[in-house]
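Protein chains: 2
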Amino acid sequence: MPAGNPVEVWRRSEHAAVGPKPEHSRDGIAAAAVQIADQEGMAAVSIRRIAAVIGSGAASLYRYVKSRDELVELMIDRVSGEYSLDASEGPPLTRLLNLAREGRGLMHRHPWLAPLLLTQPSMGPHSLAYLEHALSALKNVDMPGPVKLQTIAMMTAITSAFVQNEMAAAPMEETSDGGHAPRLQRLVEAVQTGRYSLLAVAISEAPPQFDAEATFAGVITNYLSGAGVPSDAEWEATAHDQPGL
Amino acid sequence: MPAGNPVEVWRRSEHAAVGPKPEHSRDGIAAAAVQIADQEGMAAVSIRRIAAVIGSGAASLYRYVKSRDELVELMIDRVSGEYSLDASEGPPLTRLLNLAREGRGLMHRHPWLAPLLLTQPSMGPHSLAYLEHALSALKNVDMPGPVKLQTIAMMTAITSAFVQNEMAAAPMEETSDGGHAPRLQRLVEAVQTGRYSLLAVAISEAPPQFDAEATFAGVITNYLSGAGVPSDAEWEATAHDQPGL
DNA sequence: CTTAATTACGAACAGTGTTCGCAATTAAGG
DNA sequence: CCTTAATTGCGAACACTGTTCGTAATTAAG
Chain A
1 MPAGNPVEVW RRSEHAAVGP KPEHSRDGIA AAAVQIADQE GMAAVSIRRI AAVIGSGAAS
61 LYRYVKSRDE LVELMIDRVS GEYSLDASEG PPLTRLLNLA REGRGLMHRH PWLAPLLLTQ
121 PSMGPHSLAY LEHALSALKN VDMPGPVKLQ TIAMMTAITS AFVQNEMAAA PMEETSDGGH
181 APRLQRLVEA VQTGRYSLLA VAISEAPPQF DAEATFAGVI TNYLSGAGVP SDAEWEATAH
241 DQPGL
Chain B
1001 MPAGNPVEVW RRSEHAAVGP KPEHSRDGIA AAAVQIADQE GMAAVSIRRI AAVIGSGAAS
1061 LYRYVKSRDE LVELMIDRVS GEYSLDASEG PPLTRLLNLA REGRGLMHRH PWLAPLLLTQ
1121 PSMGPHSLAY LEHALSALKN VDMPGPVKLQ TIAMMTAITS AFVQNEMAAA PMEETSDGGH
1181 APRLQRLVEA VQTGRYSLLA VAISEAPPQF DAEATFAGVI TNYLSGAGVP SDAEWEATAH
1241 DQPGL
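Protein sequence lines correspond, in order, to chains A and B. Residue numbers for the first sequence follow the numbering used here, so the first one is 1 and each next one is one higher. Residue numbers for the second sequence follow the numbering used here, so the first one is 1001 and each next one is one higher.
And the structure:
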């Protein structure tokens, strides 16, 4: 790892004034990488693999990107472009909740995203546009700017955590390991030792019908309320500038 | 990646009846790995590096562990042993909050932990003991067992997300990349483009005094309440079996 | 004392990210 | 138009990585 912080990709211009025109583009490379990650998981995303997909030599990629981490940054920003950021009106909480819902969908569509969003910062144009949009939802809310940013960051973090929890409990037939049958087997064996008596009764009970979507909405709404975002009712009751203009 | 699910480490006994006694132990290996990760980050934890620390050949480690992933499982369970799970009494919410606080401390002490806890399941003895302890805090709470498990999992997930948010904003002098100065520089450059006007004002405001500990407690308390865990006041008001016996 | 299992490990294999040097290509300057 | 300087594409190589194999040494049981 020779290169510095991966966010520096965005500071270098995509290609110089003189010299031959590049045969590929950052976005094209990111697209190929995303495609591989979607189909075979993040572990399959190697430099040589991407090069093979776009039809070039491996070393050529380093003309577009200075390290693999920068490439990941590109991937994150590319799928962040899938948010539909229509300039909608409405109460802040509802707008943020909708944004979180979209985020959840995104992470389900690209299972590799959730873990990365928690580790990497990501400062690409699409990510910044997302931030800007989330801030616009909080426009007339009485909060210091940095607190707004912190709240938004925490919302996407909780979303990511929730999705990862979902995926850990899901069938996950083809995600590298052979299902989660071994996990269950390990559990019953552990329970049979006698320790973990409470665990024993907890897993013996039948799981109630579980509406993930509703639970998610509850978790997010709950967090936002606690963080100081007014409920829709509170919002409507307040005079907040020109609502219809 | 040849091996199956990493949780299978716990199903194999540590060593066989016949043959020479092993010169090392799983926990010793895990300890070495944790030491390396604490000092130089998770990326520095390689098989050969661990082998060098415990003074053995690289191939020897595969007598104790079938893959690197299993080794990570060992690492997680080892630091999970740092929880102090004293059989305390008290209202469920307070007990869970204290547990989450300890988790936060743990993740600060071992910066590599937070990301892993979100990805890996971890079913080692210490992890299970933690689960059992958390369940004991919810003993007299009216919730289906699986919902309790889900709530606990979500609590540690939120904790992990919170800590990772903390660390992303921290100085992080020595964590591989050279500080987060590039991130700031990238931000101001992006803001200067004119897009992101709301972002511009948000970061221009001075950050208010920020008590991370208090904020964390608020987030966790808020989540737990929303998930159905009674507040301390509600708990005291309820008749819940023998409180002093 | 033999037998069978188990350990430790050097060597090798396939794969990774990354660097180097060189030929080919292009835009600008005279 | 031709030179010059920059830039692109990329094969080859380097330093790693996780993992497997075969072999020699060690041990408990029969």
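Using N, Cα and C, we set each Cβ at its ideal position, and we do this for glycine too. Given the structure is predicted, the values throughout are model-derived calculations rather than measurements.
G1218 (chain B) versus chain A: which residues are under 9 angstroms apart at the beta carbon?
Taking the second sequence and counting its residues from 1, one reaches residue 1218 (chain B) at position 218. Chain-order list of chain A residues neighbouring G1218 (chain B): G226, A227, by C-beta distance under 9 angstroms.
Any beta-carbon of chain B closer than 7 angstroms to the one on W10 (chain A)?
Mapped onto the first sequence, residue 10 (chain A) falls at position 10. Interface residue (Cβ-Cβ distance to chain B less than 7 angstroms): W10 (chain A) is classified as such.
Could you give the distance in angstroms between the alpha-carbon of V983 (chain B) and the alpha-carbon of I1047 (chain B)?
The requested residue 983 (chain B) is not part of the displayed model; chain B covers only 1001 to 1245.
Quick check on this structure: which residue in A:Q150, A:L118, A:P182, A:A31 has the alpha carbon closest to the alpha carbon of V229 (chain A)?
The sequence position of residue 229 (chain A) within the first sequence is 229, counting from 1. Closest in C-alpha terms to V229 (chain A), from the list A:Q150, A:L118, A:P182, A:A31, comes A:Q150.
Would the segment 130-147 of chain A count as touching the segment 52-71 of chain A if we require 3 or more Cβ pairs under 8 angstroms?
At 8 angstroms Cβ cutoff, the stretches do not touch.
Within 7 angstroms, strictly: CB atoms of E73 (chain A) and P6 (chain A):
Indexing the first sequence from 1 puts residue 73 (chain A) at position 73. Indexing the first sequence from 1 puts residue 6 (chain A) at position 6. Yes, Cβ-Cβ distance for E73 (chain A) and P6 (chain A) is below 7 angstroms.
Suppose the cutoff is 7 angstroms on Cβ atoms and the five residues either side in sequence are ignored; what does the same chain contact list for G1028 (chain B) look like?
For the purposes of this step, residue 1028 (chain B) is identified with residue 28 of the second sequence, where counting begins at 1. Contacts found: I1054.
For G1226 (chain B) and V1219 (chain B), what's the separation of their Cα atoms in angstroms?
As a working mapping, residue 1226 (chain B) is identified with position 226 in the second sequence. As a working mapping, residue 1219 (chain B) is identified with position 219 in the second sequence. Cα-Cα distance, rounded: 11 angstroms.
Near A58 (chain A), what residues of its chain come up, given a Cβ to Cβ distance below 6 angstroms and the 5 sequence neighbours on each side ignored?
As a first step, residue 58 (chain A) is located in the first sequence; it is residue number 58 there, counting from the start. Same-chain partners within the cutoff: I47, R48, A51.
P230 (chain A) in three-state terms, based on DSSP:
For the purposes of this step, residue 230 (chain A) is identified with residue 230 of the first sequence, where counting begins at 1. Under the three-state reduction of DSSP, P230 (chain A) is assigned to coil, being neither helix nor strand.
Leaving out five residues before and five after V1009 (chain B) in sequence, what residues of the same chain have Cβ atoms less than 7 angstroms from its Cβ?
On the second sequence, position 9 is the one that residue 1009 (chain B) refers to. Its chain contains V1065, E1070, E1073, L1074 as the residues whose beta carbon lies nearer than 7 angstroms to that of V1009 (chain B), once the 5 sequence neighbours on both sides are disregarded; these appear in chain order.
With a 10 Å radius around its C-beta and 16 neighbouring C-beta atoms as the bar for buried, classify V188 (chain A) as buried or exposed.
Indexing the first sequence from 1 puts residue 188 (chain A) at position 188. Classification for V188 (chain A): exposed.
One question on the structure: do V1079 (chain B) and H1108 (chain B) come within less than 7 angstroms of each other, judged by their Cβ atoms?
Start at 1 with the first residue of the second sequence, and residue 1079 (chain B) comes out as number 79. Start at 1 with the first residue of the second sequence, and residue 1108 (chain B) comes out as number 108. One thing to note: V1079 (chain B) has its Cβ no nearer than 7 angstroms to the Cβ of H1108 (chain B).
Would a C-beta distance cut-off of 7 angstroms place A1044 (chain B) and W1112 (chain B) closer than the cut-off?
The residue labelled residue 1044 (chain B) in the question sits at position 44 within the second sequence. The residue labelled residue 1112 (chain B) in the question sits at position 112 within the second sequence. Not a contact, by the Cβ cut-off of 7 angstroms.
If you draw a straight line from the alpha carbon of V1018 (chain B) to that of R1026 (chain B), how long is it in whole angstroms?
For the purposes of this step, residue 1018 (chain B) is identified with residue 18 of the second sequence, where counting begins at 1. For the purposes of this step, residue 1026 (chain B) is identified with residue 26 of the second sequence, where counting begins at 1. In a straight line, the C-alpha of V1018 (chain B) is about 18 angstroms away from that of R1026 (chain B).
M1155 (chain B) in three-state terms, based on DSSP
In the second sequence, residue 1155 (chain B) corresponds to position 155, counting from 1. Taken through DSSP and simplified to helix, strand or coil, M1155 (chain B) comes out as helix.
Compare the C-beta of T1159 (chain B) against all C-beta atoms of chain A and say whether one is closer than 7 angstroms.
To locate residue 1159 (chain B), count along the second sequence from 1; it is residue 159. No - not a single Cβ of chain A is within 7 angstroms of the one on T1159 (chain B).
What residue range does the alpha helix (DSSP H) around N1098 (chain B) cover?
Taking the first residue of the second sequence as 1, we reach residue 1098 (chain B) at position 98. N1098 (chain B) -> alpha helix (DSSP H) spans 1092-1109.
Do you know how far the Cα of L1106 (chain B) is from the Cα of S67 (chain A)?
Translated into positions along the first sequence, residue 67 (chain A) becomes position 67. Translated into positions along the second sequence, residue 1106 (chain B) becomes position 106. Spanning the two alpha carbons is a distance of roughly 31 angstroms.
Where does P1208 (chain B) sit, in a helix, a strand or coil, going by DSSP?
By one-based count along the second sequence, residue 1208 (chain B) stands at place 208. Note: P1208 (chain B) maps to coil in three-state DSSP.
Kindly indicate which three-state DSSP category R1195 (chain B) falls into: helix, strand or coil?
Counting from 1 along the second sequence, the entry for residue 1195 (chain B) is found at position 195. Taken through DSSP and simplified to helix, strand or coil, R1195 (chain B) comes out as coil.
Can you tell me which of the three DSSP states M75 (chain A) falls into?
The residue labelled residue 75 (chain A) in the question sits at position 75 within the first sequence. In this structure, DSSP gives M75 (chain A) a helical state, which the three-state scheme calls helix.
Would you mind listing the alpha helix (DSSP H) stretches within the segment 1020-1075 of chain B that are 4+ residues and don't spill past its ends, in chain order?
Within the segment 1020-1075 of chain B, the complete alpha helix (DSSP H) runs of at least 4 residues are 1026-1040, 1047-1054.
Contact with chain A by E1174 (chain B), beta-carbon distance below 7 angstroms:
Translated into the one-based positions of the second sequence, residue 1174 (chain B) becomes position 174. Model confidence at E1174 (chain B) stands at a pLDDT of 47, short of 50, so the residue's coordinates are unreliable and nothing is read from them.
Roughly how many whole angstroms lie between the Cα atoms of S231 (chain A) and H24 (chain A)?
Here residue 231 (chain A) refers to the residue found at position 231 when the first sequence is read from its first residue. Here residue 24 (chain A) refers to the residue found at position 24 when the first sequence is read from its first residue. When rounded, the distance between both Cα atoms is 48 angstroms.
Excluding the 5 residues flanking E234 (chain A) on each side, which residues of the same chain have their C-beta closer than 7 angstroms to its C-beta?
As a first step, residue 234 (chain A) must be located in the first sequence, where it is residue number 234. Nothing listed; no residue qualifies.
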